[in-house]
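Protein chains in written order, with numbering that gives the first Met the number 0: chain A, 0 to 378; chain B, 0 to 378.
Read through the structure below, which is laid out as structure tokens, and then see the notes.
2 protein chains.
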Amino acid sequence: MNTSNSIGIVSAQRAHFDTPLTFQSGAVLPRYDLVYETYGTLNAGKSNAILVCHALSGHHHVAGYYADDPKNVGWWDNMIGPGKPIDTRKFFVVGLNNLGGCHGSTGPSSPDPETGKPYGASFPVVTVEDWVESQARLADMLGIRQFAAVTGGSLGAMQALQWSLSFPDRVRHVLAIATAPRLTAENIAFNDVARNAILTDPDFHGGNYYEHSAVPVRGLRLARMLGHITYLSDDVMADKFGRELLSGKPNYGYGIEFEIESYLRYQGDKFAAYFDANTYLLMTKALDYFDPARKCGDDLDKAFAVARANFLVLSFTTDWRFSPERSRTLVKSLLHNHLNVSYCEITSTHGHDSFLMQHTHYHEVMHAYLERIASEFSE
Amino acid sequence: MNTSNSIGIVSAQRAHFDTPLTFQSGAVLPRYDLVYETYGTLNAGKSNAILVCHALSGHHHVAGYYADDPKNVGWWDNMIGPGKPIDTRKFFVVGLNNLGGCHGSTGPSSPDPETGKPYGASFPVVTVEDWVESQARLADMLGIRQFAAVTGGSLGAMQALQWSLSFPDRVRHVLAIATAPRLTAENIAFNDVARNAILTDPDFHGGNYYEHSAVPVRGLRLARMLGHITYLSDDVMADKFGRELLSGKPNYGYGIEFEIESYLRYQGDKFAAYFDANTYLLMTKALDYFDPARKCGDDLDKAFAVARANFLVLSFTTDWRFSPERSRTLVKSLLHNHLNVSYCEITSTHGHDSFLMQHTHYHEVMHAYLERIASEFSE
């Protein structure tokens, strides 16, 4: 681990909310906790805050490391820290674990205060709008009226986009990376297969597996294996794994033979050991439902008519999950609304995962854009 | 059903082979049956035979329909019949169910004569080379020394290609449609997830589910759902299903909501009701292993040095499972060997499935090429 320009030791905090939250579904959560981390210092004008929203399997531990677990480095540590694109000497960065998550915030595996047992299947389906609502309450608690920027990749970027719609005057810049204004049928199809793997696992017990001391490991593993295929590009898979056989020759059996199989099983096993299956279901549904145009007669231009933020939209050439074409659709709608938009299509072999990678051009673009944001409040 | 230019009523036949077949794996099958169908008439010179090889879930019922089941139309009936591209007034067409299949030929669900119980997990892993070997024996039995053509799509086309390598003087034309000279890491990855869904289904019982009166329905269903995503294009999914919600509005639950989900579940359920899980495993492994270049130091040019056939290679623009680029790689190697090659990239929105569709340009190209083949033996 290179700690030279790390934000260093960080620690998670917990915020408790007693005001009931009504979800898009109509369900009400009477009270809940959000676990979050902050890096840097909120300036006197409270104008330098950046909210980082996480994607499907992310959480509040975005940068730095823990004193008692120095190997546990935040998932976007290459982007956030002193001297990094999101420079913690200038910005006050907030990361949280979303509602419904499994990293400390209230979610399906949390005890329902009414019963004392985990919510399980009774935890409501959460949408991107619901998350943004809960994030705004966290911002209130932190004294942040307006974010300098809200950012994230993939599902995280959808939350950033939603900020510009739900709270147009509370976000100055949206940095939307590797995302889409809504899923395609193919995207939904992949999510559906992943969900089905979990839902039909006999250890799922209708979502109440906690009571059965069971974990739907088979389903979670399959979901993650499938996910990984869509995160990588065909090219990077060919480069990393090709058709290499682990033992150098075919075994003519059904065990692991090709290196790509070994990689997928490893990723699947690792994920199934720590991630909550109900959270996985919930996150994929939030992806499926996100569709700002839907309420505006499928007109994305109309949907963004309320937005006031400035936008940086970034896509990656080999991302076939959320292809550059989808970012361009978004950019077009933003431009039709006379919004300030910067768009860059980054050449990268790493597919959708590129947004998490240390990539020179990508980081340079982020750095330059964030310097501009910093200049707005430092002057 | 349009029966106007159908070959009409057909019936399956069964051939029994008593000469042991040694597989690439070293396993020996002492005796086996192949179920097949033929259409048209073998000419006096036995020079007008076309072998049609099937893909993953195909079988011997390639064209026509059964007297007692007129709705059961062959899987390539739009291509084969009087006046159709593979014109049964000119050609003698042979279709068979491959060894390891589940439509009548000896496979994992067949009784092992040694034990009287289904082979199950003890049925050997079969390769494309093994299939071609068994197909050559069927040709011997039918008195066909040399095929005018061997054809198929996808995995079927791999068998057609293998014919030109295993029996260079027994095939005059290879018509390889929607295929690749070998799978990529991404292709293998999808197969691996599908196999894992089956292998980890508690009803799989290590492949001996027959004895447990069980069927790994959950695994088969997931495998087929995933397969269907890769057979279709993003475009055709968007056109056919888009983001349409079955009930017109979100239900905020984990049931079927989007039309694409309904389609996938229907396809999954239908498939799981009739297809054998061990056959599915075996077919996907045959796909993974197919790699003529492997034995030639990864040099595809060298691999095709033995080939003598003429080639028609067809790909489809939106096929992302076996993209046109992969066909072009194949074409290049064939040309490097000074072989006669015709190549056409067909504009189609239907992805990999295009090879099964009624498509004017595609059928015109097939028709023209097959007329040329017919002219060689009719003159």
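For every residue, glycine included, the Cβ atom is placed at its ideal position computed from N, Cα and C.
Note that the structure is predicted; figures quoted are calculated from it, not measured.
Within-8 Å CB hit, residue i to chain B
i         : result
Phe240(A) : yes
Phe392(A) : No information on residue 392(A) is available, as it lies outside the stretch 0 to 378 that chain A covers here.
Gln189(A) : Sequence check: residue 189(A) is Phe here, not Gln. Yes - at least one Cβ of chain B is within 8 Å of the one on Phe189(A).
Val192(A) : yes
Arg371(A) : no
Pro84(A)  : no
Gly155(A) : no
Ser374(A) : no
Ile228(A) : yes
Ala285(A) : no
Ala272(A) : no
Arg320(A) : no
Ala237(A) : yes
Val181(A) : The identity of residue 181(A) in the sequence shown is Arg, whereas the question assumes Val. Output row for Arg181(A): interface = yes.
Beta-carbon proximity of residue i to residue j, cut-off 8 Å
i         : j         : result
Gly94(B)  : Ile6(B)   : no
Tyr251(A) : Val124(B) : yes
Leu219(B) : Ala276(B) : yes
His366(A) : Pro84(A)  : yes
Gly206(B) : Gly100(B) : no
Ser163(B) : Ala306(B) : yes
Phe354(B) : Ile79(B)  : no
Pro180(B) : Ala292(B) : yes
Ile49(A)  : Ala138(A) : no
Phe90(B)  : Gly44(B)  : no
Leu263(A) : Met224(A) : yes
Phe321(A) : His351(A) : yes
Thr87(B)  : Leu98(B)  : no
Extent of the continuous beta strand (DSSP E) run through residue i
i         : result
Arg171(A) : Val170 to Ile176
Ala48(A)  : Ala48 to Val51
Gln12(A)  : Gln12 to Phe16
Leu334(B) : Counting along the chain, Leu334(B) falls outside any beta strand (DSSP E), though it belongs to the alpha helix (DSSP H) covering Pro323 to His335.
Ile345(B) : Val340 to Ile345
Lys70(A)  : Asp68 to Val72
Tyr38(A)  : Tyr31 to Tyr38
Val93(B)  : Phe91 to Leu95
Ser314(B) : Asn309 to Phe315
Gly151(B) : Phe146 to Gly152
Run of the alpha helix (DSSP H) containing residue i, from where it starts to where it stops
i         : result
Asn195(A) : Ala184 to Leu198
Lys239(A) : Asp233 to Lys239
Arg287(A) : The question names Arg, but residue 287(A) in the sequence shown is Asp. Where Asp287(A) is concerned, the enclosing alpha helix (DSSP H) stretches over Ala276 to Tyr288.
Thr229(A) : Val216 to Tyr230
Leu55(B)  : No alpha helix (DSSP H) contains Leu55(B), which DSSP labels as neither H nor E.
Gln134(B) : Val127 to Leu141
Arg264(A) : Glu258 to Ala271
Lys301(A) : Leu299 to Ala302
Chain A contact for residue i (CB, 8 Å cutoff)
i         : result
Pro323(B) : no
Thr2(B)   : With a pLDDT of 48 at Thr2(B), under the threshold of 50, the modelled position of this residue cannot be trusted, and the question is left open.
Glu378(B) : Here the model assigns Glu378(B) a pLDDT of 47, short of 50, so the residue's position is not dependable, and the following value carries that caveat. No, no contact with chain A.
Tyr288(B) : yes
Asn195(B) : yes
Ala184(B) : yes
Pro201(B) : yes
Ile6(B)   : no
Asn307(B) : According to the sequence displayed, residue 307(B) carries Arg and not Asn. Not one chain A Cβ lies under 8 Å of Arg307(B).
Val131(B) : no
Within-8 Å CB hit, residue i to chain C
i         : result
Asp233(B) : Absent from the structure is chain C; the protein chains it does hold are A and B.
Within 8 Å of chain A by C-beta, residues of the region 167-178 of chain B in sequence order: Under the 8 Å Cβ criterion, the region 167-178 of chain B contributes no residue.
Taking beta-carbon pairs under 7 Å, can you tell me which members of the region 207-225 of chain A lie near chain B? Arg217, Leu221, Met224 and Leu225
Cβ contact (3+ pairs, closer than 8 Å) linking the region 329-343 of chain B and the region 305-313 of chain B: yes
Listed from N- to C-terminal order along the chain, which residues in the region 243-269 of chain B have their beta-carbon within a distance smaller than 7 Å of any beta-carbon of chain A? Pro249, Tyr251, Gly252, Tyr253, Phe257, Ile259, Glu260 and Leu263
Could you name the residues of the region 9-25 of chain A whose beta carbon sits closer than 9 Å to any beta carbon of chain B, in the order they occur along the chain? So the close ones are Phe22, Gln23, Ser24 and Gly25.
Between the region 326-337 of chain B and the region 185-202 of chain B, can you find at least three pairs of beta-carbon atoms closer than 8 Å? no
Should the region 144-161 of chain A be regarded as contacting the region 52-63 of chain A, the criterion being three or more beta carbon pairs within less than 8 Å? yes
Check whether the region 257-264 of chain B and the region 199-217 of chain A touch, using three or more Cβ-Cβ pairs below 8 Å as the test. no
How do the region 128-141 of chain B and the region 265-272 of chain B stand: do at least 3 beta-carbon pairs fall below 8 Å, yes or no? no
I'd like to know if the region 242-250 of chain B and the region 7-17 of chain B are in contact, where contact means that at least 3 CB-CB pairs between them fall below 8 Å. no
Which residues, taken in chain order from the region 39-53 of chain B, show a beta carbon closer than 9 Å to some beta carbon of chain A? none
Between the region 207-214 of chain B and the region 182-191 of chain B, do three or more beta carbon pairs fall short of 8 Å? Verdict: no, contact absent.
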